[in-house]
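J.: So that we are looking at the same thing, I have put the structure below in C-alpha cells.
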Amino acid sequence: MNMLVNDFAARADTASGERPLLRIVIVGHVDHGKSTLIGRLLHETGSLPDGKLESIKAISERRGVPFEWSFLLDALQTERDQGITLDTSQIHFRTAKRDVVLIDAPGHAEFLRNMITGAAQADAAVLVIDAAEGVREQTRRHCYLLHLLGITQVAVVINKMDRVDFDESRFRELETEMARHLASIELSTTTIIPVSARDGDGIARHRASIAWYTGPTVLQALDRFLPAKPLTDLPLAIPVQAVYKFDARRIVAGRLETGRISVGDDIVIMPRGTTARLQSIEAWPMSEDSQRPRSARAGQSIGLTLDRQVFVERGDVISTPAAPARKVRRLRARVFWLDEEPLTVGAAIGLRIGMAECRGTVSLIENAVDPGELAPDEASAIARNHVGEIEIALLQPIAADLYTANPRTGRLVLDLAGRIAGGGLILEVDDAPDRLKEPNRSTAADHAALETQCTRLNAGLIDLPPAKRLALFRKEIAGRLVFATSFGPEDQIILHLLVEQAIDVDIVTLDTGRLFPQTHELWAETERRYGRRIHAFYPQHDKLEALTERHGINGFYASREARLACCEVRKVAPLNRALAGAAGWIVGLRADQSQHRRGTALLSVDERNLFKLSPLLDWTRQAVLDFTAAHRIQTNPLHQQGFASIGCAPCTRAVAPGEPERAGRWWWESDEKKECGLHERPTPAKIPA
Amino acid sequence: MDRLDDLEAQSIFIFREAFARLRRISLLWSLGKDSNVMIWIARKAFFGRVPFPVLHVDTGKKFPEMYAFRDRFAAEWDLDLKIEPCPPIDAIDPTLPPAARSAARKTEGLKLALAKYRFDGLIAGIRRDEEPTRAKERVFSPRGLDGGWDVRDQPPEFWNYFNASPPPGAHLRIHPILHWSELDIWTYTRRERIPIIPLYLTRDGKRYRSLGDSDITFPVASNAGTIDDIVRELEATKIPERAGRAMDHEAEDAFERLRVTGYL
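Respectively, the protein sequence lines represent chains C and V. The numbers in this note's numbering rise by one with no breaks, and the one at position 321 of the first sequence is 751. The numbers in this note's numbering rise by one with no breaks, and the one at position 204 of the second sequence is 205.
Written out as C-alpha cells, the structure is:
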C-alpha cells in the first residue's frame, strides 16, 4: 500500500533498507475494530500520505456514508461497499526502531483462509476484542490458528472501551478470560491493552479516561515485539528444490530452513540415507574463487555441489549425520482444514512437507473440534475451518521431523487436486528405520524369537482374506517391508491390494536384463494405473560381465551350475540388495504351483531372518484368474499364449494344457525344484570371481 | 543476514519454486527498476543465466531511453527476449477512463502473448506496497481461463507453500518481489550495482519515480541525481510511488478494474 513514512518519533540514523523489518498481523472477530485500529495507528503516527484522510472523508460524504477509519484500508470496491475486509491487506509504516508491515486480516469466518494467509507471514499478532461484545467465536478461532501457525508473540487489545464507559471491572473481566483462554491453547501474553481506536485513546498515548491502566500503549507494544530469528541453532535441514545442470556443475539448490553448513561437512540425504560431503557452495556473481562462499546459515537460498555422484532429487532433505531428518511412512498431525468438503477417514489426499509431495490416506481422525465454539465435532471428520488430529499412511517414505524437534520440517500442508486445503504440525512419526541402522538379525537366538512370533502370527493370518493378511502383517511387523513383484497375476493382485489400502510397503522389481518386452510394458502400465513408481534393482555390471565372460551370453542352457550362476547374478543378488535392512517381504507364492511349494506356511522366517508373507498361498490358479478379471487387473499378455509362469525370456516357454504351471521354467532341466534361489536356495552355485 | 539478504533469499526461493513446478514460464520485463531487480535475482537463483524467456509486451509508447536500455541489456545479460506488440486503442473497452484504457492495451497484448506461447506461469514484478489492490495479492496467483483475477476466491497460501497447479489453459502469476518495498528496491539496486534507466534520476528538477507509457506517465519534482539521493528522498516523502501513473487516479476503482481483467 502506498502509505509510507511517519514522524511520530525521532528518525533512526540507519537507512530503511538496513533496518529490521517486523511483520505484525491484526486479527479478531468481525467488526471488533481491526481496520479502525490500523487506520488510527497510521493517523496517530503521521503515516498517511498528505491529503489521504481528507480525500477519504470527501469520498464518504459523496457516497452518503459516515466516515470510518477502516475506509483507509478498504482497497476493493466490494470491501468499500460492504464495509468488510475480504482479503488480507498489508500496510507499511515505520517506527523509531524499525520498519513495520501491518497485516490486516479479515475477521469474517468466510475468509478464514485469507486470515491464515496473512497471519502465517507474521512475526507477531495483535488480537482485537470488542469490550462490549467480549470474546466471540472468531476471537477463539483466530487464537487457536495463531498457535497452529507457530506465532507465539501476541498482544491483546480490548477495543471500544468507550462503549463500556472505560469501566475497569469490565476490562479486568475480559483480561482474566483471555489469559485463561490463551493458556488453554498453549499461547501466552503479558500484554492486554484497553483502547478506544475510534478516538485514538491508547494507541500512541493514554488519556485520563483510562487512568487506572499503567501498561503499554499499542505502539509501545508493537515496539516490544521481536522479529522472528532464523533457526540457526537447530540441526541442518535443506529441503532440495531442484538439481541444476546448466553447465559442467551439478548444483543442488535449496534453502537452509534450519542450521548451518560449511564446505567439507558430511551430509546425509534423507529419506534415502545416502551420505556425501559438501564440496562447494556455488554463487553468482563471483569473479574469482576467493569470493566463493565457505558456509551458509538458516534463511539463505543456496546452491551446493557434493563430492560424489549420489542420487538426489527435489523433495529430499539434506541433513547432518548427527541429527538427520526422519524417514517417515506414517504420521500423526494436528491440522486445520479449509476445504468445503469435510476431511474424512479413508480420504486420499496430497501431502507436502518441504519440497516433498506424496499421496497418503487418512487412517484416523481424533479430537476434531470447532476452535470457535470449542465444541467437539462428531467422530471421524474435520469440517471446514475446524481443527483435529489425523493419522496419515503415506504411499512413499518422505523426510520429516516432529514439530517439537524442528518447526520447519515438522509442519505439513494438505492439498486437494493441487489446491492447498489445510495445514498443521507433525506430532508423531512412524520411522521406517534406515537400512544402515537396521539391527543385525543374524544370531540363532534372534531366529528362534522370530520363529515364535511367526507361529503366533500364522494362527491369526490363516482365516483372513489376503487384503487383511497384508494389513495385519504391516501392523505387526515394525520396520521396512518390501514387496518384490515379477508382474505375475498373483503379484498384480498383491500390488492392487497394497495400493488400494495404502499399506506402507516398498514396491520393487528385479530387472534381470533378460525379461520379455511384454513384462516391461506391463510394468509401465502398472505404474501408470496406480500412480506410483516401482523401484527397479539391477544386476551389478562387474558380476554380469564376469558371468558372460565365463559361460557365454546363453551359457545357462549348458549346465545347471551355469543356470544357477546366472540366476544368482541376475536375480538373487539384486533381491538381496532390495531386501537389505528390511524386516520382512511379501511374495506371490501359491501352494498349488508346485509340489515343492506345497509345504510352505503363510508366514515364515527365511534364511535371511526376514519374515516372508505369502498372502495368496492358499488360492488356486482359478481364484487368481477370477480376481484379476473381476477387478480388471492387468496381466501379462503372454498368459494368453500359453505361458503360465513367466520369468526371463530365454528360460521361459509356454506349457501344454495339463502340464504343471512351472513346467515352462528352465524346461530343459529335469529337477522338480524349478527355483532360481529367490525363495529357497538351491545348492550354492559358484560365482565366477 | 541483513534485511536485503533476507528479501533476496525469499525471492530466489520463489524463482526456484516457479521453475520447478511449472512447465513454461516467462518473466515480464517492463524495463523498470523492479523488473531489473527481478532479472538480477533470477540470475542469482540460476547461477548467472535466466533459464526461461523474458517477455516485453511493448505498447510502442515507451520512452526512447527505455528501448535503448532494453536492447543493450538483453544482449549483455544474454536474455532470451521475446518482444510482443499490443493491439490498437480502438480494440479496448471504451467504458474505461482514457488513461486506464490506454494502459489496458498492455493487458490485451499480454493475452495475445499468452495465447501465442502458452505460458503457464508469468513472473511479474509487482509489490504489495505499491498500491492497495496489489497488497492483496498472493505470491502464486491463479488467473482464470480469461486471464482474470478473482480476488474473492484466492486460495490460501502460507509457510512458503504455493498453489502451483493451474487448470489447463489458465496461467499463474508469480510475484517474486511482492514482499519488497520501493525503498528496498533502491537500496538493493545500489548494493548490487544494477544498471538503471537514467529517467529515474533528476533532469531539470524532475524525475520519474515509476516508468510506464510516455503519454500517461509523469515525472515528480525531485533533485535526486544519484541512488543515494533517491533513498534519502524516499525516506522523507509522503507522496505515493504511483502518483505519476495517470490510470491509477482517474476513478475510485479504475486500477482495480484494470487488475481484475488481467493487468499487472
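The beta-carbon is built from N, C-alpha and C at its ideal position, and this holds for glycine as well.
#1: CB serine 731 (chain C) to CB arginine 679 (chain C), shorter than 8 Å?
#2: How is arginine 73 (chain V) classed by DSSP in three states: helix, strand or coil?
#3: For arginine 724 (chain C), which residues from the same chain have a beta carbon less than 8 Å from its beta carbon, with the 5 sequence-adjacent residues on both sides left out?
#4: Which residue comes first and which comes last in the alpha helix (DSSP H) that contains proline 1121 (chain C)?
#5: Among C:Leu1068, C:Arg1000, C:Val1017 and C:Arg543, which has the Cα closest to the Cα of aspartate 769 (chain C)?
#6: So if I threshold CB-CB distances at 7 Å, which residues from the stretch 158-186 of chain V count as touching chain C?
#7: Below 6 Å CB to CB, which residues in the same chain sit around alanine 10 (chain V) once its five sequence neighbours on both sides are set aside?
#8: What residues are listed by DSSP as bridge partners for glutamate 712 (chain C)?
#9: Show which residues of chain V have a CB atom less than 8 Å away from the CB atom of proline 806 (chain C).
#10: From which residue to which residue does the beta strand (DSSP E) around tryptophan 1015 (chain C) run?
#11: Can you tell me which of the three DSSP states tyrosine 960 (chain C) falls into?
#12: Could you list the residues in the stretch 707-733 of chain C with a C-beta less than 8 Å from some C-beta on chain V, going in chain order?
#13: Tell me, to the nearest whole angstrom, how far the beta carbon of leucine 761 (chain C) is from that of isoleucine 822 (chain C); I am working on the premise that it is less than 8 Å.
#14: Pair every Cβ in the stretch 121-130 of chain V with every Cβ in the stretch 24-35 of chain V, then say whether three or more of these pairs are closer than 8 Å.
#15: Compare the C-beta of arginine 50 (chain V) with all C-beta atoms of chain C and state if any pair is closer than 8 Å.
#16: Compare the beta carbon distance of alanine 661 (chain C) and threonine 688 (chain C) with 8 Å and say whether it is the shorter of the two.
#17: Could you check which residue in V:Asp81, V:Ala247, V:Ile217 and V:Gly263 has the C-alpha nearest to that of phenylalanine 64 (chain V)?
#18: Got a sec, what are the start and stop residues for the beta strand (DSSP E) phenylalanine 967 (chain C) sits in?
#19: If leucine 397 (chain C) sits next to leucine 891 (chain C), beta carbons under 8 Å apart, how far is it from one beta carbon to the other, in whole angstroms?
#20: When Cβ atoms are compared, which residues of the stretch 129-157 of chain V fall closer than 8 Å to chain C?
#21: What are the residues of the stretch 532-544 of chain C that lie near chain V, defined by any Cβ-Cβ distance shorter than 8 Å?
#22: Excluding sequence positions up to five away, which residues of its chain have a Cβ less than 8 Å from the Cβ of alanine 445 (chain C)?
#23: Per DSSP, which one or two residues make a beta bridge with methionine 700 (chain C)?
#24: Indicate whether at least one CB of chain V lies closer than 8 Å to the CB of valine 584 (chain C).
#25: Residues of chain V with a CB under 7 Å from the CB of histidine 522 (chain C): which are they?
#26: According to DSSP, what are the bridge partners of leucine 940 (chain C)?
#27: The beta strand (DSSP E) spanning valine 556 (chain C) covers which residue range?
#28: My parser needs the beta strand (DSSP E) runs of 3 or more residues fully inside the stretch 1019-1086 of chain C; what are they?
#29: How many angstroms separate the CA atom of glycine 802 (chain C) from the CA atom of histidine 538 (chain C)?
#30: From leucine 516 (chain C) to aspartate 121 (chain V), what does the alpha carbon distance come to, in whole angstroms?
#31: Please classify valine 412 (chain C) as buried or exposed, where buried requires at least 16 other C-beta atoms within 10 Å of its C-beta.
#32: For methionine 716 (chain C), count neighbouring C-beta atoms within 10 Å of its own C-beta (all shown protein chains included) and say buried if the count is 16 or more, exposed if not.
#33: Grouping DSSP H, G and I as helix and E and B as strand, with all else coil, what is tyrosine 643 (chain C)?
#34: Can you pull the chain C residues whose beta carbon is under 8 Å from the beta carbon of phenylalanine 20 (chain V), in chain order?
#35: Going by DSSP, what residue range makes up the beta strand (DSSP E) through arginine 685 (chain C)?
#36: Could you name the residues of the same chain whose beta carbon sits closer than 7 Å to that of glycine 206 (chain V), not counting the 5 residues immediately before and after it, in chain order?
T.: A quick look at the data gives this:
#1: Result no, Cβ atoms of serine 731 (chain C) and arginine 679 (chain C) do not sit closer than 8 Å.
#2: Note: arginine 73 (chain V) maps to helix in three-state DSSP.
#3: Around arginine 724 (chain C): Ser692, Val693 and Ile711.
#4: Outside the shown range of chain C (431 to 1119) lies residue 1121 (chain C), about which nothing can therefore be said.
#5: C:Arg543
#6: Glu158, Phe159, Trp160, Tyr162, Asn164, Ser166, Ser182, Leu184 and Asp185
#7: none
#8: C:Gly733, per the DSSP bridge assignment.
#9: Ordered by position in chain V, no residue passes the 8 Å Cβ test against proline 806 (chain C), which lies about 24 Å from the chain.
#10: 1014-1016
#11: helix
#12: Glu712, Ala713, Trp714, Pro715, Arg727, Gly729, Gln730, Ser731 and Gly733
#13: Contact flag correct, Cβ pair sits at about 6 Å.
#14: Segments in contact, yes.
#15: Interface flag for arginine 50 (chain V) against chain C is set, since a Cβ pair is found closer than 8 Å.
#16: The sequence given here has leucine at residue 661 (chain C), not alanine. Yes, Cβ-Cβ distance for leucine 661 (chain C) and threonine 688 (chain C) is below 8 Å.
#17: V:Ile217
#18: Residues 965-967.
#19: Since the displayed chain C opens at 431 and closes at 1119, residue 397 (chain C) lies outside it and no answer follows.
#20: Arg129, Asp130, Glu131, Glu132, Pro133, Thr134, Ala136, Lys137, Arg139, Val152, Arg153, Gln155, Pro156 and Pro157
#21: Arg543 and Asn544
#22: No answer about alanine 445 (chain C) holds up, because its pLDDT of 49 lies below 50 and its placement is not dependable.
#23: C:Val747
#24: no
#25: Asp130 and Ser182
#26: C:Phe967.
#27: Counting along the chain, the beta strand (DSSP E) containing valine 556 (chain C) begins and ends at 554-560.
#28: 1033-1035 and 1041-1043
#29: Going by C-alpha positions, glycine 802 (chain C) is about 12 Å away from histidine 538 (chain C).
#30: 27 Å
#31: In this structure chain C extends from 431 to 1119, so residue 412 (chain C) is not present and cannot be described.
#32: exposed
#33: It is coil, neither helix nor strand.
#34: In chain order: Ala672.
#35: 681-685
#36: Ala222 and Asn224
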